[in-house]
Ligand code: NAD
């Protein structure tokens, strides 16, 4: 039966390493790295996410610059806040919590975040740097997945990797990061025919479709590593995109939900914030990417 890959353990070591880097940055420059979280409205799930991010940042020695805006804020008000934070040298990283109220398109607002402060890696500039494999800030969830795979030394060079999902936040950058690790990458999505035929090729299968229980044993090659990015709240608790109990009989390694990819996302956000601070401070050498 598959070995569980514990994201809590890896996330803890990333957080500890980030706290050391934050201290070193503060000693060198006299100021701590700073993270600005921008929350528009009162969505309960978003409030919990932002509270967790702020708490973890503070624990890692990152200064907290939170901005709460009313539900009724127009694009101009949000833009003004983002521009002020973009110009503030104490703010290393800016995170606009999504979704915006009423499903407003965040596209133009995200572009107001400078690439050096784009800790979610969502701006066009950051996407371009990723596509070209140049130094920059990478989306937190996929970079957390890569870290989770690297920790136990799962071979990626030449490996068959299949990513299910092509979103801008997860699937697409995930595929690009795996490509930069020299995996042979296939992307599957909602229009893919015969999904199981595609996913059964995978040595490393990443499920990021946002469909509860989409991936069963028939989708998995014997001995594969299966990473479950999905998070769904059900009456029975949190579940992922993978039917874990059934897949455990075929996979060699598997991430649990909760306690797999989830904890890595926040850890990588903190690491990105320190990397951002290092990139902005002229005389410091950027560690990490
Ligand atoms: P999304 O809805 O933006 O994208 C889903 C992608 O999956 C799309 O590209 C779509 O083409 C594909 N897809 C949908 N149905 C499919 C099907 N039946 N077969 C194959 N492909 C299919 O979602 P997202 O933002 O990429 O998030 C995906 C999941 O990951 C969600 O469950 C989300 O909650 C979770 N998530 C987890 C974390 C974390 O920290 N663990 C972070 C972000 C998102």
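Residue numbers (full-length UniProt numbering): 2 to 290. In this text, a Cβ means the ideal position worked out from N, Cα and C, and glycines have one as well. Note that the coordinates shown come from a computational prediction; the quantities given were computed from them, not determined experimentally.
Could you check what DSSP says for residue 5 in three-state terms: helix, strand or coil? Correct three-state label for residue 5: strand.
Collapsed DSSP secondary structure at residue 99 in the structure displayed: The DSSP-derived three-state label of residue 99 is coil.
Kindly list the residues whose CB is nearer than 8 Å to the CB of residue 281, restricted to its own chain and excluding five residues on each side of it in sequence; keep chain order. Closer than 8 Å at the Cβ level, and outside the excluded window around residue 281, lie 90, 93, 117, 118.
For residue 190, which three-state DSSP category applies? Correct three-state label for residue 190: coil.
With distances taken between CB atoms, is the gap from residue 208 to residue 183 smaller than 8 Å? Using a Cβ distance threshold of 8 Å, residue 208 and residue 183 do not count as a contacting pair.
Just tell me which of 244, 233, 232 has its CA closest to the CA of residue 219. Among 244, 233, 232, the Cα nearest to that of residue 219 is on 244.
Residue range of the alpha helix (DSSP H) that residue 173 falls in? Where residue 173 is concerned, the enclosing alpha helix (DSSP H) stretches over 172-181.
So, are the CB atoms of residue 48 and residue 38 less than 8 Å apart? In this structure, residue 38 does not lie closer than 8 Å to residue 48 by Cβ.
Let me check understanding here. Comparing Cα to Cα, which of 153, 160, 186 lies closest to residue 292? The requested residue 292 does not occur in the structure, where the chain is confined to residues 2 to 290.
Quick one: measure Cβ to Cβ for residue 144 and residue 113, integer angstroms, because I've assumed they're closer than 8 Å. The pair is not a contact, with the Cβ atoms about 23 Å apart (cut-off 8 Å).
Helix, strand or coil for residue 160? Go by DSSP, reduced to three states. In the structure shown, the three-state DSSP call for residue 160 is coil.
Using the Cβ count rule (16 or more neighbours within 10 Å means buried), how would you classify residue 142? So residue 142 ends up on the buried side.
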